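Only one structure is covered here, and it is reproduced in the block below.
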Amino acid sequence: MGDCDDILASETAEHMFSAHPLAVSPPLSKPRRNRSDAWNHFTIDSEIAKKAKCNYCGSLIGYDKGTSAMRAHFTRCKDNPMKNVNKRQKSVSASTENVEEHICTSPSTPMFDQEAIQNVVVKMFVALDIPFERVEHAAFQNFMSVVLPRFKVPSSTELAHDVLRLWGTEKTRLKKFLSQHCQRVCLTIDTWTSSEKFCYMCLTAHFIDKDWKMHKKVLNFSQVTSHKREVMAKTVEQCLNEWGLNCVLSLTINNDSLNDVDILHLKDKLVSRNSLVLNGDFIHMRCCAYFLNLIVKESLKEIDDSVVRICAAVWYIRSSNSRFSRFKACAEQQNIEYKGFACLDFETRWDSIYLMLEDALKHHKTFEKLEMKDHKYVDELKKGKGVPTIEDWEIVRSILPFLKLFYDATLRICSSSCVTSNMYMFEVLGIGMAIKNMCNSGDVRISLMAKNMRQKYDKFWGNANSLNMLLLVGLVLDPRHKVKFVNWCACKNYNGEEADYLIDKFKSCLNSLFEEYNGGLEVSHTKSKEGGYNDPYGFNKFYQSSGCKKSETELSKYLDEALESGGDLDVLNWWKLNSSRFPIIANIARDVLAIPVSTMTPEFALSIAGRVLDSYQSSLPPITMEALICTQDWLMGAASPLLTNVEIENLEKIEQELISSHDDDE
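Numbering (the numbering used here), first residue to last: 18 to 683.
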């Protein structure tokens with residue numbers, strides 16, 4: 018150790034040594050004047066000359082040249098109790114200084130801002146869909162008086178006015194965002210009815226921004242005089258004018274909203290603005306989930322009695338703890354692990370019926386055991402259609418795989434947060450092939466059911482001429498599929514002539530679409546006011562006259578490349594990374610991949626009832642209702658309160674935990 022270290026160690030040790038509770042005095046045989054305090058922590062070793070032993074770690078330290086080495090060892094001794102004490106003292110001292118500094122330099126109380134706090138309260142009521150009158154509830158008033166005594170809680174009227182102001186602010190912000198990021202917009206129309214039978218229409222915009230992120234924004238939720246088609250068409254037109262949206266690619270509706278005549282009226286208006294692709298021939302998109310729902314309803318009719326009996330059995334065991342306990346006892350006797358029933362059977366949701374049947378089938382043997390053990394079970398069900406029969410269980414077993422096919426497809430195509438236009442035809446044609454195979458089943462019941470489903474399917478997709486070509490383009494814009502896959506699916510689902518017709522029509526549409534986008538694309542890829550693309554340098558004349566059209570070259574290059582592998586490919590990210598290689602196709606992809614193939618979220622796509630506003634929502638004035646729905650969608654970036662549903666699975670989990678807890682207590 019150097020001289021400087023010795024001096025520092027000596028000075029550091031000086032203030033630690035005096036009056037230490039563990040200090041040991043050196044022997045009195047060699048008294049010294051001005052004895053160093055280092056000896057309070059060392060003992061002379063009589064067996065080794067000029068060596069002293071540390072009282073804490075036992076190390077031997079020489080003192081023939083003084084006590085500097087002893088002092089240095091003491092400061093770094095890992096067993097030195099004063100070392101930790103000193104660190105704590107320094108830490109406490111530093112903390113005290115920080116607190117004192119904060120007290121001296123910061124206000125004694127935080128800054129109070131009535132307006133800022135009120136804005137947060139408004140956003141909370143909007144986000145959680147809390148009725149405005151709750152702000153005047155004594156419980157909320159008491160809570161705020163404790164948390165923020167100085168805050169003046171607004172009245173319900175003031176809160177409603179604040180929501181309207183917030184709506185206006187956010188609407189202005191969204192308009193600016195749309196003008197900067199929205200290339201073409203895809204629209205969905207949804208219809209609602211209040212509990213007082215008033216009619217509402219919801220118009221939602223879907224688009225992909227410059228960073229290749231998908232967006233879904235509710236544009237309006239307005240009351241209309243009726244759901245008549247001419248009224249709906251006029252309302253859509255007014256909304257588009259209000260938002261300044263001229264470049265519309267598609268309009269997705271369910272079969273109850275607008276028909277082809279009404280779409281033609283809107284189409285003519287948009288064509289006059291020169292804002293449609295392919296002359297608007299494929300602007301009309303039909304809601305896929307709507308048609309899948311109708312097919313499922315048709316199939317469930319065929320097994321209605323079997324479904325009713327099995328559902329009644331499930332309701333029986335869930336109606337009381339004692340019945341449930343007897344059912345669990347039967348399961349344990351057969352060494353069957355009870356895992357609960359995933360979903361209750363709500364009459365308006367066929368997915369709950371499917372999930373209940375799926376779980377009931379797992380406990381088929383347990384229900385048969387219960388029938389022998391519990392006479393009340395038999396008596397209760399005989400009041401209805403009776404206990405489930407062996408035939409019932411076999412029917413359910415055979416139909417479940419096909420219900421699952423529809424269930425999974427509906428969940429995939431109803432997603433509002435990811436691309437669905439690339440999977441529409443994949444799902445539709447896949448279901449068509451599955452139904453075709455069912456028709457050839459050796460089970461007469463399954464074959465008959467499949468033929469009835471096929472009639473519904475053919476009504477929607479059986480005619481190749483009724484398929485929307487933009488959705489086939491969406492399939493090709495998925496680098497995992499492309500044209501060969503479209504050709505294969507066409508041949509699998511249609512006869513020879515129909516398949517050839519579909520393939521030819523699709524290829525013609527694909528080439529025309531590329532020609533249209535290429536004809537308006539400039540080098541810098543900037544949009545014109547009319548929605549097309551300028552060509553200030555005249556390069557397009559070269560492509561059109563040289564026999565080496567850029568669209569053909571780029572299209573061929575993309576289609577000829579090997580297919581991408583991987584089922585979890587992020588299609589938007591793929592195009593983001595490859596847009597520089599395929600600039601024209603990337604522009605098409607940014608538009609077409611934004612097309613929503615359903616107007617519904619999964620909750621309502623799986624429902625067999627209409628969409629009705631609840632009593633609170635129905636009580637609001639139309640303008641307040643629109644402000645609430647739109648603002649929540651914009652702030653939260655998620656489904657509006659109208660599009661949410663009870664989290665059945667969570668309720669089921671809680672219920673099972675309560676039942677288990679009750680069983681443990683007993």
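Ideal Cβ positions, reconstructed from N, Cα and C, are used throughout, including at glycine. Note that the coordinates shown come from a computational prediction; the quantities given were computed from them, not determined experimentally.
Here Gln240 is bridged, per DSSP, to Tyr217. Distance from Tyr217 to Phe194 at the Cβ level is roughly 25 Å; contact not present, criterion being Cβ atoms closer than 8 Å.
In this structure, the beta-carbon distance from Ile416 to Ala377 does not fall below 8 Å. The way I'd put it, the segment 331–340 doesn't touch the segment 424–440; fewer than three beta-carbon pairs between them come closer than 8 Å. With a 10 Å radius around the Cβ and a threshold of 16 neighbouring Cβ atoms, Pro638 comes out exposed. In the three-state reduction of the DSSP assignment, Leu630 falls in the coil class. With 16 or more neighbouring CB atoms inside 10 Å of its own CB, Thr84 falls in the buried class.
With a beta-carbon spacing of about 6 Å, Ala426 and Leu309 fall inside the 8 Å limit used to define contacts. By the CB criterion at 8 Å, Lys390 and Ile353 fall outside the cutoff.
Cβ-Cβ separation between Val288 and Leu266: approximately 13 Å, too far for a contact (criterion under 8 Å). Here Ala250 is buried, its C-beta having at least 16 other C-beta atoms within 10 Å. DSSP, reduced to helix, strand and coil, places Ile134 within a helical segment of the structure shown. Collapsing the DSSP output to three states places Trp229 in coil.
Counting along the chain, no alpha helix (DSSP H) covers Ser267; the unbroken beta strand (DSSP E) around it starts and ends at Val265 to Ile270.
For Cys456, the enclosing alpha helix (DSSP H) has its first and last residue at Tyr441 to Cys456. A Cβ-Cβ separation of about 16 Å leaves Leu311 out of contact with Tyr371 under the 8 Å criterion. From the listed residues Trp505, Glu514 and Glu571, the smallest Cα separation to Leu527 is found for Glu571. In this structure Ile640 is exposed. Its beta-carbon is surrounded by fewer than 16 other beta-carbon atoms within 10 angstroms.
Straight-line measurement puts the Cα of Leu580 at about 27 Å from the Cα of Gly536. Distance from the CA atom of Thr208 to the CA atom of Ala346, rounded to whole angstroms, is 48 Å.
Excluding sequence positions up to five before and after Ala516, its CB lies within less than 7 Å of the CB of Ala507 and Cys508, all in the same chain and listed in chain order. Judged by DSSP in its simplified three-state form, Ile61 adopts strand. Here the C-alpha atom of Val490 lies approximately 13 Å from the C-alpha atom of Leu519.
Bridge partners of Cys506 according to DSSP: none are assigned. The residue among Tyr73, Ile65, Lys67 and Ala66 with its C-alpha nearest the C-alpha of Asn57 is Tyr73.
Between the beta-carbon of Pro613 and that of Thr205 there is about 5 Å, and that keeps the pair under the 8 Å contact cut. Approximately 14 Å separates the beta-carbon atoms of Ile300 and Leu262; this is outside 8 Å, ruling out the contact. Distances from the CA of Gln255 to each of Cys219, Ser369 and Lys233 were compared; the closest alpha carbon is that of Cys219. Counting along the chain, the unbroken beta strand (DSSP E) around Leu204 starts and ends at Val202 to Thr210. For the pair Val235 and Asp650, the CB atoms are nearer than the 8 Å cut-off. In this chain, the alpha helix (DSSP H) harbouring His178 covers Ser173 to His198.
Taking C-beta separations shorter than 7 Å and ignoring five residues to either side along the sequence, the partners of Gln158 in its chain run Val170, following chain order. Between the segment 576–595 and the segment 463–471 there are fewer than three inter-stretch CB-CB distances shorter than 8 Å, so the stretches are not counted as touching.
Note on Asp608: 16 or more other CB atoms within 10 angstroms of its CB, so buried under the neighbour-count rule. Note on geometry: alpha-carbon atoms of Ser635 and Ser464 lie some 45 Å from one another. According to the DSSP assignment, Lys476 belongs to no alpha helix (DSSP H), since it is labelled neither H nor E.
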